Amino acid sequence: MARSNVKAGETMAMMTGKSTATMGDDAHANRVHGSSAGGNDKRPVELDAGARDDVFERLTAKLKARVGTEIYSSWFGRLKLDDISKSIVRLSVPTAFLRSWINNHYSELLTELWQEENPQILKVEIVVRGVSRVVRSAAPAENSEASEAKPAVAMREKTVFPVGQSVGSQSFGNMAGGEKRGSAVVAESAAASGSVLGSPLDPRYTFDTFVDGASNRVALAAARTIAEASSSAVRFNPLFIHASVGLGKTHLLQAIAAAALQRQEKARVVYLTAEYFMWRFATAIRDNNALSFKEQLRDIDLLVIDDMQFLQGKSIQHEFCHLLNTLLDSAKQVVVAADRAPSELESLDVRVRSRLQGGVALEVAAPDYDMRVEMLRRRLSVAQHEDPSLDIGEEILSHVARTVTGSGRELEGAFNQLLFRQSFEPNISIDRVDELLGHLTRVGEPKRIRIEEIQRIVARHYNVSKQDLLSNRRTRTIVKPRQVAMYLAKMMTPRSLPEIGRRFGGRDHTTVLHAVRKIEDLVGADTKLAQELELLKRLINDQAA
Numbered sequence: 036m037a038r039s040n041v042k043a044g045e046t047m048a049m050m051t052g053k054s055t056a057t058m059g060d061d062a063h064a065n066r067v068h069g070s071s072a073g074g075n076d077k078r079p080v081e082l083d084a085g086a087r088d089d090v091f092e093r094l095t096a097k098l099k100a101r102v103g104t105e106i107y108s109s110w111f112g113r114l115k116l117d118d119i120s121k122s123i124v125r126l127s128v129p130t131a132f133l134r135s136w137i138n139n140h141y142s143e144l145l146t147e148l149w150q151e152e153n154p155q156i157l158k159v160e161i162v163v164r165g166v167s168r169v170v171r172s173a174a175p176a177e178n179s180e181a182s183e184a185k186p187a188v189a190m191r192e193k194t195v196f197p198v199g200q201s202v203g204s205q206s207f208g209n210m211a212g213g214e215k216r217g218s219a220v221v222a223e224s225a226a227a228s229g230s231v232l233g234s235p236l237d238p239r240y241t242f243d244t245f246v247d248g249a250s251n252r253v254a255l256a257a258a259r260t261i262a263e264a265s266s267s268a269v270r271f272n273p274l275f276i277h278a279s280v281g282l283g284k285t286h287l288l289q290a291i292a293a294a295a296l297q298r299q300e301k302a303r304v305v306y307l308t309a310e311y312f313m314w315r316f317a318t319a320i321r322d323n324n325a326l327s328f329k330e331q332l333r334d335i336d337l338l339v340i341d342d343m344q345f346l347q348g349k350s351i352q353h354e355f356c357h358l359l360n361t362l363l364d365s366a367k368q369v370v371v372a373a374d375r376a377p378s379e380l381e382s383l384d385v386r387v388r389s390r391l392q393g394g395v396a397l398e399v400a401a402p403d404y405d406m407r408v409e410m411l412r413r414r415l416s417v418a419q420h421e422d423p424s425l426d427i428g429e430e431i432l433s434h435v436a437r438t439v440t441g442s443g444r445e446l447e448g449a450f451n452q453l454l455f456r457q458s459f460e461p462n463i464s465i466d467r468v469d470e471l472l473g474h475l476t477r478v479g480e481p482k483r484i485r486i487e488e489i490q491r492i493v494a495r496h497y498n499v500s501k502q503d504l505l506s507n508r509r510t511r512t513i514v515k516p517r518q519v520a521m522y523l524a525k526m527m528t529p530r531s532l533p534e535i536g537r538r539f540g541g542r543d544h545t546t547v548l549h550a551v552r553k554i555e556d557l558v559g560a561d562t563k564l565a566q567e568l569e570l571l572k573r574l575i576n577d578q579a580a
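Our numbering applies: residue 36 is where the sequence shown begins, and numbers increase by one.
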């Protein structure tokens, strides 16, 4: 995917750094911690929060100057300073993939920059923040062999138990018959096709382990249809699945890839994350084999790409757009997932967004009560395989399902709390459960209202389509619902006027301001409109509950 407009400096910057972050042990004089370079006192002086922020700001400015704005945005935009000790700096990133990439390519540069600031720094550590338990393979021996046969690719660490995701711990593979066999099929098919492009598949993420219900049933049906269809019967192309974190997007995507490989042993299936695509693109440029990389990706039957919101960089997005066009024009199936609808992926090139909007977009919502109960029952069953003496009553499970109503990850956190407490509080009560899980019940927290939900509810109320609200049509039957939706978006969300305008088909902020003022002027004299607004607010709040 090399292009003439990719700057040589960017290519060189991508090559900067080696795998170790440890430098010489003879560095002294701690300027960061405030000790004197010439003094005898080597004891570090603790930095307050403001001083730490100043140091980190200087370092990131230097880093951006060294690697360039685009590379900095792609790989370091979510880098945070966690801690500075006498000789160690600890930085954090949101995913294991970023940690692996930065360690392998930029650790030496980071150490150099920190030692310029403080020669006493010996090591820069990169850690993954906000990760609870890491998914482990159900078959360690098999997977370790498979990973050795693959290139050095760091699989993103996933928190266990998003909705629809496999609801197990390390031994969950023992619960679902055939999961190891499925893993072998994936490995054999990948080897047969010669594909070394994709990220590893977790053998537990299958359709059989997916907890289905009203909130995800349509997306599951579409996913199954794609996985079971032959390459000549492409449907729903591209299929775009969007949902908040912890609601099962990754599980569905990996299930599609695994099922497609099981169905057709020689199927050319590639599952990858947007971050992994960025890494392969950068590596291809560095190694001068971009053409080979491009040809490999275009010669596939099914492309499954996760976390599309993380695709950054103009040149990378340009190449992805070419790939997307080639696959879709060749009637090859594409499945994409992100944390928001295609129209809301504002960091993406408009051509990529347009292509994604041309397919079928399906949202996966939070699990309902029945789904939550089923997830907890399955999780308990897995835990009882590890500890047969474990006993958590149905009343407790039902109560947890009623009170913890967020994502599957929150439900997993609640269950883990119970599991931990059960070891020394075997007769735990409902009141005690409420006390333990108070931080997960969101009591008193503001509801998160999304503009797309406002658009959907308003469109349904006025019997128009959401696309009508985003269009340039100026008929009265469209203008009024559009203005009402803009007004409610301003009143019920923290979004700015320009942001609301972009969500309504790329309109200027003055258009939104006019709509807000128009509705405000009308509502005082129009009782019917006031009643409609109150009804719509209730519907929107109920949806956000």
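Ideal Cβ positions, reconstructed from N, Cα and C, are used throughout, including at glycine.
Being a predicted model, the structure only gives us computed values, none of them experimental.
Taking the straight line between their C-alpha atoms, what separation do you get for residue i and residue j?
i    : j    : result
P533 : K501 : 19 Å
S378 : R388 : 7 Å
G441 : E330 : 42 Å
R508 : I123 : 59 Å
Q566 : G536 : 25 Å
N153 : S142 : 16 Å
Y497 : I489 : 12 Å
S506 : G559 : 28 Å
M410 : A100 : 48 Å
D342 : G428 : 37 Å
R78  : I119 : Caution is warranted here: a pLDDT of 41 is assigned to R78, below 50, making its placement in the model unreliable, and the coordinate value is therefore given only provisionally. Spanning the two alpha carbons is a distance of roughly 14 Å.
L114 : I351 : 20 Å
V514 : A550 : 9 Å
S109 : V385 : 18 Å
L504 : L116 : 42 Å
A309 : L383 : 12 Å
T130 : R437 : 31 Å
A400 : L144 : 42 Å
R87  : T95  : 12 Å
F111 : L568 : 44 Å
H286 : Q368 : 18 Å
D561 : R517 : 17 Å
Quick check: residue i and residue j, are their CB atoms within less than 8 Å of each other?
i    : j    : result
V370 : L236 : no
T512 : V499 : yes
Q344 : R375 : yes
T528 : I484 : yes
R414 : F450 : yes
A256 : I276 : no
L138 : I161 : Per the sequence shown, residue 138 should be read as Asn rather than Leu. Yes, the Cβ-Cβ distance between N138 and I161 is below 8 Å.
T361 : R333 : yes
K97  : L148 : yes
L363 : A373 : no
R164 : S127 : yes
S433 : V408 : yes
R530 : I486 : yes
Return the chain-ordered list of same chain residues with a C-beta closer than 6 Å to the C-beta of residue i, the five sequence neighbours on each side being excluded.
i    : result
Y311 : S234
I335 : R303, V305
A11  : With the chain represented from 36 up to 580, any question about residue 11 goes unanswered, as that position is not in the structure.
W136 : W314
M406 : V246, G248
L359 : R390
Q419 : L425
Q578 : E488
Once the 5 residues before and after residue i are set aside, which same chain residues still bring their CB inside 7 Å of it?
i    : result
S403 : The residue asked about is misnamed: residue 403 is Asp in this sequence, not Ser. G248, A249, S250, listed in sequence order.
I291 : A258, I261, A262, V339, V370
M58  : Low confidence applies to M58: its pLDDT is 37, below 50, so where it sits in the model is not reliable enough to give any reading.
Q457 : L425, I427, I463
F242 : R259, A290, A294
A521 : In the sequence as presented, Ala is not what sits at residue 521; that position holds Met. These residues qualify, in order along the chain: I535, F539, V547, A550, V551.
If you drop the 5 nearest sequence neighbours on each side, which residues of the same chain put their C-beta closer than 8 Å to that of residue i?
i    : result
R573 : none
I431 : L453, I463, I465, V468
E460 : R467
L472 : V435, T438, V439, A449, Q452
Any chance the CB of residue i is under 7 Å from a heavy atom of the ligand NAD?
i    : result
S389 : No copy of the ligand NAD occurs in the structure displayed, which carries no ligand at all.
What residue ranges within the segment 343-392 form continuous beta strand (DSSP E) runs of no fewer than 3 residues, ordered along the chain?
368-373
Counting Cβ pairs closer than 8 Å, one from the segment 390-405 and one from the segment 548-555, do we hit at least three?
No, the segment 390-405 does not touch the segment 548-555.
For the pair the segment 110-127 and the segment 153-164, tell me if three or more CB-CB distances fall below 8 Å.
Flag = yes, the segment 110-127 and the segment 153-164 touch.
List in chain order: all unbroken beta strand (DSSP E) runs of 3+ residues lying wholly within the segment 105-147.
115-119, 123-128
May I have a chain-ordered list of the alpha helix (DSSP H) segments no shorter than 4 residues that lie completely inside the segment 502-528?
Within the segment 502-528, the complete alpha helix (DSSP H) segments of 4 residues or longer fall at 511-527, listed in chain order.
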